[in-house]
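These notes are about the structure you will find just below.
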Amino acid sequence: MGKTFIARELRLEISILGVFIGIFLLFLIGSPRTFTRFDIYYSFMSTIPFSGIMALAITLVIISGEMDLSFPSIMGFSGWVFAKLSNVLIESGTNPNLTILITTLCCFATGIIAGALNGMLVVKIRIPSLVATIGTMFFWRGLVNVCGQGFGETLVPVKDTFLFKVFIGRLGEAIPAQALWFLVLTAAFWLILKRHKFGSHVLIVGDNVESARMMGIRVNRVKMTVFMQMGFCASLAGILASLEVTYLWPSLGEGYLLRTLAAVFVGGTSVFGGVGTMFGTFIGAIIIGSLEGGIVAIGLTGFWTQLIYGLIIVVSLSIYSYFRRRE
Amino acid sequence: MAEKDYSRKLVSMVEIQKSFGKVEVLKSVNFEVGHNEIVGLVGDNGAGKSTLIKILTGVHQPNGGEIYFKGEKITIHSVERSRELGIETVYQEQALSEQQTMWRNIFMGREITDKLGFLKIKQQRRETEKILREQMGFTSKAINTESIVKYLSGGEKQGIAIGRSLYFDADLIILDEPTMGLSLAETKKALDFIRNVKDIGKSAIFISHNIYYVYPVADRFVILDRGNVAGRFLKSKITQDELFEKMVHLAKTGKMR
Numbered sequence: 000m001g002k003t004f005i006a007r008e009l010r011l012e013i014s015i016l017g018v019f020i021g022i023f024l025l026f027l028i029g030s031p032r033t034f035t036r037f038d039i040y041y042s043f044m045s046t047i048p049f050s051g052i053m054a055l056a057i058t059l060v061i062i063s064g065e066m067d068l069s070f071p072s073i074m075g076f077s078g079w080v081f082a083k084l085s086n087v088l089i090e091s092g093t094n095p096n097l098t099i100l101i102t103t104l105c106c107f108a109t110g111i112i113a114g115a116l117n118g119m120l121v122v123k124i125r126i127p128s129l130v131a132t133i134g135t136m137f138f139w140r141g142l143v144n145v146c147g148q149g150f151g152e153t154l155v156p157v158k159d160t161f162l163f164k165v166f167i168g169r170l171g172e173a174i175p176a177q178a179l180w181f182l183v184l185t186a187a188f189w190l191i192l193k194r195h196k197f198g199s200h201v202l203i204v205g206d207n208v209e210s211a212r213m214m215g216i217r218v219n220r221v222k223m224t225v226f227m228q229m230g231f232c233a234s235l236a237g238i239l240a241s242l243e244v245t246y247l248w249p250s251l252g253e254g255y256l257l258r259t260l261a262a263v264f265v266g267g268t269s270v271f272g273g274v275g276t277m278f279g280t281f282i283g284a285i286i287i288g289s290l291e292g293g294i295v296a297i298g299l300t301g302f303w304t305q306l307i308y309g310l311i312i313v314v315s316l317s318i319y320s321y322f323r324r325r326e
Numbered sequence: 000m001a002e003k004d005y006s007r008k009l010v011s012m013v014e015i016q017k018s019f020g021k022v023e024v025l026k027s028v029n030f031e032v033g034h035n036e037i038v039g040l041v042g043d044n045g046a047g048k049s050t051l052i053k054i055l056t057g058v059h060q061p062n063g064g065e066i067y068f069k070g071e072k073i074t075i076h077s078v079e080r081s082r083e084l085g086i087e088t089v090y091q092e093q094a095l096s097e098q099q100t101m102w103r104n105i106f107m108g109r110e111i112t113d114k115l116g117f118l119k120i121k122q123q124r125r126e127t128e129k130i131l132r133e134q135m136g137f138t139s140k141a142i143n144t145e146s147i148v149k150y151l152s153g154g155e156k157q158g159i160a161i162g163r164s165l166y167f168d169a170d171l172i173i174l175d176e177p178t179m180g181l182s183l184a185e186t187k188k189a190l191d192f193i194r195n196v197k198d199i200g201k202s203a204i205f206i207s208h209n210i211y212y213v214y215p216v217a218d219r220f221v222i223l224d225r226g227n228v229a230g231r232f233l234k235s236k237i238t239q240d241e242l243f244e245k246m247v248h249l250a251k252t253g254k255m256r
């Protein structure tokens with residue numbers, strides 16, 4: 000009988016791992032010189048976590064049966080708040096260590112509030128989340144444009160601070176801190192989804208909202224929390240991505256949307272809600288995040304990347320769909 | 000009205016009235032459930048069965064009348080309140096999460112956790128196993144705590160919903176059309192689960208418009224018609240065919256005989 004949960008999930012995760020190993024074997028065969036050396040992995044570790052962390056958060060949103068398209072804009076706006084406020088405080092003579100602490104908290108608050116706004120639109124005003132977050136996607140991006148007038152912000156003044164090292168320092172000169180954060184958060188999200196009451200409620204709400212209500216689960220509160228954690232993770236990604244280059248680009252976050260969603264679906268989470276896997280999202284984020292570098296290393300031009308993205312997504316989704324149908 | 004001793008019954012609903020706008024759905028209905036008794040609540044669509052039940056489960060508030068539970072006068076203002084009292088409803092739609100495991104379904108909304116909210120999964124699995132084997136009498140190895148509910152049959156799903164309410168110490172289980180949409184074999188299974196409620200000493204209200212399913216398991220029948228109680232019968236005093244005749248006659252003429 001393959002009808003137990005454990006069997007189903009194991010099969011799904013093994014197939015994700017299969018896709019992952021297949022792709023890295025291709026890289027290894029295509030460009031052994033690049034892929035037997037540490038450098039490319041260092042570069043993966045420093046760039047993948049930004050969208051990876053958001054992929055974990057959006058996985059929870061999708062499992063709950065909702066969607067959020069605004070997270071890249073929330074990342075952009077809360078990142079802008081972080082950078083702008085940092086410069087204002089530094090100019091007024093605040094100690095850099097204190098500055099980055101204050102601005103980090105403000106950035107998180109911005110992300111959480113933006114997420115709560117999405118939650119309110121969905122829960123209170125009852126706009127379907129796919130539509131509501133199209134609206135907020137434009138709104139937050141627009142706010143960065145209006146506030147920043149197209150200018151970026153330097154982050155050099157907070158470069159020698161403690162928190163800077165915590166966020167994107169290098170462990171033993173080799174491992175980027177953001178990679179460790181990604182690992183820690185993957186474990187935390189796994190725990191929340193599989194071992195915590197909240198994760199259980201997210202699964203149940205995404206599975207059947209009416210059942211959840213009848214059994215006394217506070218559906219609205221679950222959905223609000225789900226959108227707020229998405230906002231929080233987007234703001235964290237905003238800090239990490241802008242500190243990594245010590246500069247805030249006003250376009251921060253653009254280009255993350257489809258890549259992040261692709262990571263979730265390549266990872267095997269169902270678009271219909273009620274089921275999902277954090278392990279899958281973790282692997283999915285690595286697959287999607289390493290494709291571009293891998294493709295170029297193999298010797299193909301950058302023109303190939305989108306085509307190969309498309310292939311990987313379609314092939315992996317077909318594999319999962321095949322397994323689901325066979326059950 | 001003279002003081003009456005309501006403690007002999009588990010639930011007494013006295014002269015319950017309910018209107019929605021100008022429509023009088025219940026016109027002074029008296030309805031009782033005894034201890035360890037299964038009452039069949041029958042009647043055509045629109046007779047007021049589900050309104051009466053929703054008053055008992057706290058979904059609707061009555062416009063008039065009183066409710067006594069275990070001898071005490073109560074008001075049931077919310078679904079949570081009725082649950083606290085020990086009234087559980089097994090809905091037609093069963094309130095299950097189809098893609099989740101058995102143990103997540105049994106404990107949905109009432110998880111066993113530590114102080115930080117982390118699930119005590121081992122304990123939940125153990126309790127689920129107990130419910131499956133002891134309370135519901137599942138013997139097949141194919142059904143276990145890790146089974147996904149989607150793959151159970153309709154009767155088995157009904158069994159899970161009933162078993163879950165028994166586990167949470169309900170004294171009164173309300174079954175709203177529990178055989179709706181089930182095949183004959185599955186209906187038989189669901190009926191066995193309902194008999195089990197009686198065997199372990201609890202009470203149930205079995206709502207249905209199909210006499211043939213209600214008759215074998217209920218001790219007593221209450222027939223609702225257009226907001227009134229049209230008749231009450233003890234099973235020992237009436238055969239299945241007589242009851243059916245009366246229902247048909249009632250539907251045709253609006254009178255009991």
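Quick mapping for you: the protein sequence lines, in order, are chains A and B.
Mapping the first sequence onto numbering that gives the first Met the number 0, position 121 (from 1) lands on 120, and the numbers just tick up by one.
Mapping the second sequence onto numbering that gives the first Met the number 0, position 237 (from 1) lands on 236, and the numbers just tick up by one.
Just so you know, even glycine gets a beta-carbon here, dropped at the ideal spot from N, CA and C.
Query raised in the report: If we count the other Cβ atoms within 10 Å of its Cβ and call it buried at 16 or more, is Tyr-211/B buried or exposed?
Result: Locating residue 211/B in the second sequence gives position 212, where the first residue counts as 1. Looking at its Cβ environment, which holds fewer than 16 other Cβ atoms inside 10 Å, Tyr-211/B is exposed.
Query raised in the report: Are Gly-108/B and Ala-296/A touching if we call contact CB-CB under 9 Å?
Result: Locating residue 108/B in the second sequence gives position 109, where the first residue counts as 1. Locating residue 296/A in the first sequence gives position 297, where the first residue counts as 1. It is not a contact, given that the beta carbons lie outside the stated cut-off.
Report task. Quick one: grab the DSSP three-state call for His-200/A. Result -> In the first sequence, residue 200/A corresponds to position 201, counting from 1. Here His-200/A sits in helix by DSSP.
**Report entry** Extent of the continuous alpha helix (DSSP H) to which Gln-177/A belongs
**Finding:** The count along the first sequence starts at 1 and reaches residue 177/A at position 178. That run of the alpha helix (DSSP H) goes 176-194.
Report task. Give every residue of the same chain whose Cβ lies closer than 6 Å to the Cβ of Gly-293/A, excluding the five residues on either side of it in the sequence, and list them in chain order. Result -> For the purposes of this step, residue 293/A is taken as residue 294 along the first sequence, with counting starting at 1. Here the set comprises Phe-26.
**Report entry** Cα-Cα separation, Gly-116/B to Lys-193/A
**Finding:** The count along the second sequence starts at 1 and reaches residue 116/B at position 117. The count along the first sequence starts at 1 and reaches residue 193/A at position 194. If I take the Cα positions, the gap works out to 12 Å.
Report task. Could you please tell me which residues of the stretch 51-79 of chain B, in chain order, have their CB closer than 9 Å to any CB of chain A? Result -> Val-78 and Glu-79
Query - For Gly-39/B: DSSP bridge partner residues - result: Sequence index remark: in the second sequence, residue 39/B carries index 40 (1-based). Looking at the DSSP assignment, Gly-39/B forms a beta bridge with Phe-205/B and Phe-220/B.
Query raised in the report: To which residues does DSSP link Phe-30/B through a beta bridge?
Result: In the second sequence, residue 30/B corresponds to position 31, counting from 1. The partner list for Phe-30/B (beta bridge, DSSP) reads Met-12/B.
Query raised in the report: Based on the DSSP secondary-structure assignment, which residues constitute the bridge partners of Tyr-166/B?
Result: Taking the second sequence and counting its residues from 1, one reaches residue 166/B at position 167. In the DSSP output, where bridge partners are listed per residue, Tyr-166/B has none listed.
Query - Below-9 Å beta-carbon distance, Arg-273/A vs any chain B residue - result: Taking the first sequence and counting its residues from 1, the one referred to as residue 273/A is at position 274. Reading off the sequence shown, one finds Gly at residue 273/A, where the question assumed Arg. So yes, Gly-273/A belongs to the interface.
Query raised in the report: CB Ile-52/A to CB Asp-67/A, shorter than 9 Å?
Result: Translated into the one-based positions of the first sequence, residue 52/A becomes position 53. Translated into the one-based positions of the first sequence, residue 67/A becomes position 68. Contact: no.
Query raised in the report: In whole angstroms, what separates the C-alpha of Phe-106/B from that of Lys-149/B?
Result: Your numbering for residue 106/B matches position 107 in the second sequence. Your numbering for residue 149/B matches position 150 in the second sequence. The straight-line gap from Cα to Cα measures roughly 17 Å.
**Report entry** Inter-residue spacing [alpha-carbon to alpha-carbon] between Leu-88/A and Thr-135/A
**Finding:** Within the first sequence, residue 88/A is the residue found at index 89, counting from 1. Within the first sequence, residue 135/A is the residue found at index 136, counting from 1. If I take the Cα positions, the gap works out to 28 Å.
Query raised in the report: If you draw a straight line from the C-alpha of Lys-201/B to the C-alpha of Glu-65/B, how long is it?
Result: Numbered from 1 along the second sequence, position 202 holds the residue referred to as residue 201/B. Numbered from 1 along the second sequence, position 66 holds the residue referred to as residue 65/B. Taking the straight line joining both Cα atoms gives about 23 Å.
Query - Per-residue contacts from Gly-215/A into chain B (C-beta, under 8 Å) - result: In the first sequence, residue 215/A corresponds to position 216, counting from 1. Chain B residues near Gly-215/A: Val-78, Glu-79, Arg-82, Gly-108 and Arg-109.
Requested in this report: Apply the 10 Å Cβ neighbour rule to Ile-248/B and answer buried if 16 or more other Cβ atoms are within range, or exposed otherwise.
Outcome: As a first step, residue 248/B must be located in the second sequence, where it is residue number 249. Reading the sequence as shown, one finds His at residue 248/B and not Ile. By the 10 Å Cβ count, His-248/B comes out exposed.
Query raised in the report: DSSP three-state call for Glu-71/B: helix, strand or coil?
Result: If you number the second sequence from 1, residue 71/B lands on position 72. Here Glu-71/B sits in strand by DSSP.
Query raised in the report: Can you find a CB in chain A that lies within less than 9 Å of the CB of Tyr-90/B?
Result: To locate residue 90/B, count along the second sequence from 1; it is residue 91. For Tyr-90/B, the answer is yes, since a Cβ of chain A falls inside 9 Å of its Cβ.
Report task. Would you verify that the beta carbon of Gly-154/B is, or is not, closer than 9 Å to some beta carbon of chain A? Result -> The sequence position of residue 154/B within the second sequence is 155, counting from 1. Gly-154/B does not count as touching chain A.
Query raised in the report: Would Ala-141/B be called buried (16 or more neighbouring beta carbons within 10 Å of its own) or exposed?
Result: Taking the first residue of the second sequence as 1, we reach residue 141/B at position 142. Exposed: under 16 other Cβ atoms inside 10 Å.
Query raised in the report: Between the beta-carbon of Leu-235/A and the beta-carbon of Ile-167/A, is there less than 9 Å?
Result: On the first sequence, residue 235/A is found 236 positions in, with the first residue counted as 1. On the first sequence, residue 167/A is found 168 positions in, with the first residue counted as 1. Contact flag unset, no.
Requested in this report: Measure the C-alpha to C-alpha separation of Glu-65/A and Val-265/A and round it to an integer number of angstroms.
Outcome: Position 66 of the first sequence, counted from the start, is the residue given in the question as residue 65/A. Position 266 of the first sequence, counted from the start, is the residue given in the question as residue 265/A. Rounded to the nearest angstrom, the two C-alpha atoms are 18 Å apart.
Query raised in the report: Can you list, in chain order, the residues of the stretch 159-193 of chain B whose Cβ is nearer than 8 Å to any Cβ on chain A?
Result: none
Query raised in the report: Over what stretch of residues does the beta strand (DSSP E) that includes Leu-299/A continue unbroken?
Result: Sequence index remark: in the first sequence, residue 299/A carries index 300 (1-based). Unbroken run through Leu-299/A: none, as it is neither H nor E.
Report task. Name, please, each residue of chain B whose Cβ falls closer than 7 Å to the Cβ of Phe-197/A. Result -> Walking along the first sequence from the start, residue 197/A turns up at place 198. By Cβ distance, chain B contributes Gly-116.
Query raised in the report: With DSSP run on the structure shown, which of helix, strand or coil describes Ala-229/B?
Result: The residue labelled residue 229/B in the question sits at position 230 within the second sequence. Ala-229/B: strand per DSSP, three-state reduction.
Query raised in the report: Are the Cβ atoms of Ser-315/A and Gly-267/A separated by less than 9 Å?
Result: Here residue 315/A refers to the residue found at position 316 when the first sequence is read from its first residue. Here residue 267/A refers to the residue found at position 268 when the first sequence is read from its first residue. Contact: yes.
Query raised in the report: Taking Trp-180/A as the reference, which of Leu-260/A, Val-122/A and Val-165/A has the closest Cα?
Result: Within the first sequence, residue 180/A is the residue found at index 181, counting from 1. Closest option to Trp-180/A, Cα to Cα, is Val-165/A.
Query - Contacting residues, own chain, Cβ-Cβ under 7 Å from Thr-50/B (five flanking each side not counted) - result: In the second sequence, residue 50/B corresponds to position 51, counting from 1. Taken in chain order, the residues that qualify are Lys-17, Val-24, Leu-25 and His-59.
Query raised in the report: Do Met-135/B and Phe-192/B have their C-beta atoms within less than 9 Å of each other?
Result: As a working note, residue 135/B is residue 136 in the second sequence. As a working note, residue 192/B is residue 193 in the second sequence. Taking 9 Å as the Cβ cut-off, Met-135/B and Phe-192/B qualify as a contacting pair.
Query raised in the report: First and last residue of the beta strand (DSSP E) that includes Asp-175/B?
Result: In the second sequence, residue 175/B corresponds to position 176, counting from 1. Counting along the chain, the beta strand (DSSP E) containing Asp-175/B begins and ends at 171-175.
Query raised in the report: With a cut-off of 9 Å, does the C-beta of Arg-324/A fall near any C-beta of chain B?
Result: Counted from its first residue, the first sequence places residue 324/A at position 325. No, no contact with chain B.
Report task. Determine the direct distance from the alpha carbon of Ile-126/A to that of Ile-62/A, and round the result to whole angstroms. Result -> In the first sequence, the residue the question calls residue 62/A occupies position 63. In the first sequence, the residue the question calls residue 126/A occupies position 127. Cα-Cα distance, rounded: 18 Å.
Query raised in the report: Helix, strand or coil: which one does DSSP assign to Phe-117/B?
Result: As a working note, residue 117/B is residue 118 in the second sequence. DSSP places Phe-117/B in strand when its eight states are reduced to three.
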